[in-house]
Amino acid sequence: METVKTKNKAFKKLGFTYLETAEIVVTLNTLLANYQVFYNKLRNFHWNIEGPEFFELHEIFENEYNTAKENIDTIAERIRVFGVKPNFTLKKTLDLSDIKEPEKELSAIEMVREVLNDYEILHNNMLDGINAALESGDVATEQILTDFLMHMEKRNWMFTSYLK
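Taking the working numbering, the leading residue of the sequence shown gets 28, the next gets one more, and so forth.
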């Protein structure tokens, strides 16, 4: 049974109450902000890569930002499932994100290291979301985040191998 949040009526969405989904939504909003900053960084890396690694990393960064773009949309739509609007300004996104923009121009190797650092932040954020989903019995959100995590762990291995 689905009800709408009003002053006189309890919020209920997909069998979950507002309180049962609050922690999930908070973690998804944080993940959304982190992914949006990560996406922007990857676009900049794609545009600004130079040196002998240009052709390889230019394409890899494009693949990464396309994955991030798809994940951003999935996360935002999952937040909407819970009756919340993911209304983010750039300022709010930057304030909420643990991923930060680089303050200086980076070399190709520094860009890869930056991606790996951002993966760690995203990984921890996804684990928080998985745990919140499992506590509430929200297997759909848990599955979405587990799929993201599995893909990212493989990419982490590949980027780590690239640095060796």
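Beta carbons are placed, not taken as given, at the ideal position from N, Cα and C, and that holds for glycine.
{"Item": "Would you say Ala103 faces chain B, with C-beta separation under 8 Å as the test?", "Value": "Protein chain content of the structure displayed is limited to a single chain, and chain B is not contained in it."}
{"Item": "Would you call Gln170 buried or exposed, if buried means 16 or more other Cβ atoms sit within 10 Å of its Cβ?", "Value": "exposed"}
{"Item": "Among the residues of its own chain, which have a CB less than 7 Å from the CB of Asp155, if the five just before and after it don't count?", "Value": "Thr54"}
{"Item": "Under 8 Å: do the region 127-140 and the region 65-79 share three or more Cβ pairs, one atom per stretch?", "Value": "yes"}
{"Item": "Can Asn61 and Asp125 be called in contact, C-beta distance under 8 Å?", "Value": "yes"}
{"Item": "Considering only residues of the same chain and omitting the five flanking positions on each side of Tyr14, which have a CB-CB separation below 8 Å?", "Value": "The requested residue 14 does not occur in the structure, where the chain is confined to residues 28 to 191."}
{"Item": "For the region 105-113 against the region 45-59, do three or more pairs of beta-carbon atoms, one drawn from each stretch, fall closer than 8 Å, so that the two count as touching?", "Value": "yes"}
{"Item": "Nearest-angstrom Cα distance between Met177 and Asn98?", "Value": "13 Å"}
{"Item": "With the cut-off set at 8 Å, would you say Phe109 and Ile157 are in Cβ contact?", "Value": "no"}
{"Item": "For a quick check, are the C-beta atoms of Leu143 and Phe186 less than 8 Å apart?", "Value": "yes"}
{"Item": "On the DSSP letters alone, give me the boundaries of the alpha helix (DSSP H) that Glu192 sits inside.", "Value": "Residue 192 cannot be examined here, being either before or after the span of the chain that is shown, 28 to 191."}
{"Item": "Compare the Cα-Cα distances from Leu149 to each of Lys131, Phe175 and Ile76 and report the closest residue.", "Value": "Phe175"}
{"Item": "How far does the alpha helix (DSSP H) with Lys68 in it extend, from its first residue to its last?", "Value": "Tyr45 to Asn75"}
{"Item": "How would you label Leu46, buried or exposed, when you count the other beta carbons within 10 angstroms and need 16 or more for buried?", "Value": "exposed"}
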